[in-house]
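Heads up: the structure comes next, in structure tokens.
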Amino acid sequence: MSRRFIQMYKTCFDKFRLPKRYQGSTQSVWNEYTQLFIEYQPLSLAHGFTDSPVPKYITDTLAATAKSSNHLLNQYTRDSGHPRLVHALSAMYSKLIDRQIDPFNEILVTAGAYEGLYAAIHSHIEDGDECIVIEPSFDSYAPVVKMCGGVVRYIPLRMKNPNNGIISSGDYVLDDTELEEVFNSKTKMIIINTPNNPLGKVFNRAEMTKIANLCIKYNVLCVTDEVYEWMVYDDNEHVRICSLPGMWERTITIGSAGKALAVTGWKTGWAYGPANLIAHLQIVHQNCVGTNVTPLQEAISIVFEDEFKRLESPECYFNTLRLELQAKRDFMINVLKEAKMEPIIPQGGYFILADWTALEDKVDLSSETDPQRDYRFTKWMIKNIGLQAIPPSAFFNEENKKLMENFVRFCFVRKDENLQKAADILKNWTSK
Ligand SMILES: Cc1ncc(COP(=O)(O)O)c(C=O)c1O
């Protein structure tokens, strides 16, 4: 290679580097584990989407919308959200939070919850602002805060009763003193996720009230990621923090049609909250996504309108989904126990964390080079027993990764036959 060519290459390389604001972000666990799936074709209990067909009436609604004689349903619609969808969302959430939500000013339709989170953070975090992130946390929160020049203050959920036998995600709590200490005059935002991915924790009313009181005391904005709001089990209650006294004015709630209707590929979500805050998100949204996909929004509106009418009925999709998932959760809990993995029983969501320490002498992690033990363990499983799960340390910052390195995250929104296959794989391996 000539010296001139090398010089030219270097000049381009320097100039076209990744901007500083993105530096430090590494490849997401989803990219890496999708690639591993393509390469090794394991049975996947990794990614958070169902392997079952979507209910026919949902896909039929989309097909009918795309073929509708109203040709405008295949053209751009209103930037902030298709009128029919914002009305459907307003009807649903006004009832759930017992407050009238203005469809045109208090809701923004986004490209999945991802974009809702991105817009909420981008439109409110400035250089030096502090943002509290509760760990384990969905892995997009912290990188986006940092991109905006914000400082992330992490606070982990800690197990309260390590020796009480059966462990539930409810046994993981925030320490009151740590929580109070993480708030200060620079705190601009806290991000909550309930039900939590990957832990399955559903924050109860008392826990929410403590967070709410601190938000009010320190004048902090609350971004609450509630994409698993319909998947809450046993007698646990999904508490929407925006409905607590003094919280509507300072809360942006994020939802996802992908998760609610098991159509993650539709990538449609929303943010709702007071008009002054939602207007800021719209500024970020209009220069990035602009308008979301019209036929998808129309189809989601129709499904939401129908489900809203039968919200209290056992036939409502959200109610059948919850029962179906609870049975799958219970099946997986038994499978994991039999395999000597100690599960943390999730109160919500569709993931289970399980401790694999007792299986340590059945794996040889020396062939894997990742610094985290759970990455090595999950890669060993993919390559040696053909089962894929997610390493939960991906949901922690460097300092706290050790907290869950002995755990693995399984997704249980799978066909019964595939959960049975996972059971057989684990049995064959662990009974040897
Ligand atoms: C906690 C959490 N928030 C947000 C998202 C992203 O949701 P969407 O697919 O609607 O962008 C996910 C996806 O897995 C998630 O688990």
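So for the sequence shown, numbering that gives the first Met the number 0 puts the first residue at 0; every next one is plus one. Don't be surprised by glycine CBs; every beta carbon is placed ideally from N, CA and C. None of the values given here were measured: they were computed from a predicted structure.
Who are the Cβ neighbours of residue i in its own chain at under 8 Å, not counting the five residues just before and after it?
| i | result |
| --- | --- |
| T290 | Y75, T76, R77, D78 |
| A110 | K266, T267, G268, V288, N291 |
| R321 | W229, M230, V231, Y232 |
| M246 | A211, C214, I215, C221, I240 |
| L324 | M230, Y232, Y349, F411, V412 |
| K159 | D170, Y171, V172 |
| I332 | P342, I344, I351 |
| N86 | According to the sequence shown, residue 86 is His rather than Asn. Excluding positions up to five away in sequence, the list reads P102, S300. |
| W379 | V362, D363, L364, S366, E367 |
| L335 | E341, P342, I351, A353, F409, L425 |
Between residue i and the rest of its own chain, which residues show a CB-CB distance below 7 Å, the 5 nearest in sequence each way excluded?
| i | result |
| --- | --- |
| D138 | S27, V28, A393, F394 |
| D126 | G148 |
| I57 | L260, V262, V302 |
| T250 | C221, T223, I240, C241, G272 |
| L402 | P155, F395 |
| E306 | C315, Y316, F317 |
| R157 | Y171, V172, D174 |
| Q436 | The chain is shown from 0 up to 431; residue 436 falls before or after that span and cannot be answered. |
| N433 | Lying before the first or after the last residue shown, residue 433 is absent from the chain, which here runs from 0 to 431. |
| L144 | Strictly speaking, residue 144 in this sequence is Val, with Leu absent from that position. Cβ within range, chain order: I120, I124, C130, V151. |
| T60 | A298, I301, V302 |
| K414 | D50, S51 |
Return the chain-ordered list of same chain residues with a C-beta closer than 6 Å to the C-beta of residue i, the five sequence neighbours on each side being excluded.
| i | result |
| --- | --- |
| Q514 | Limits of the chain in this structure are 0 at one end and 431 at the other, which puts residue 514 out of reach. |
| V283 | A118, H121, S122 |
| V412 | T49, Y349 |
| I384 | I424, W428 |
| D175 | none |
| D369 | R375 |
| L295 | W265, T267 |
| A357 | K339 |
| Y217 | F182, T186 |
Looking only at DSSP bridge pairs, what is residue i linked to?
| i | result |
| --- | --- |
| Q387 | S43 |
| S1 | BP columns for S1 are empty, so no partner. |
| M465 | This structure gives no information on residue 465, because the portion of the chain shown stretches from 0 to 431. |
| Y153 | V132 |
| I106 | Y271 |
| L220 | M188 |
| D354 | E341, F406 |
| G347 | V231 |
If I follow the unbroken beta strand (DSSP E) through residue i, where does it start and stop?
| i | result |
| --- | --- |
| W269 | 268-271 |
| T186 | 186-192 |
| R20 | Counting along the chain, R20 falls outside any beta strand (DSSP E), and DSSP gives it neither H nor E. |
Would you mind reading off the limits of the alpha helix (DSSP H) that contains residue i?
| i | result |
| --- | --- |
| G254 | Unbroken run through G254 is the beta strand (DSSP E), 250-255; no alpha helix (DSSP H). |
| Y140 | 140-146 |
| W428 | 415-429 |
| Y117 | 111-121 |
| D305 | 293-308 |
| P54 | Neither: P54 is in no alpha helix (DSSP H) and is coded neither H nor E. |
| S93 | 82-96 |
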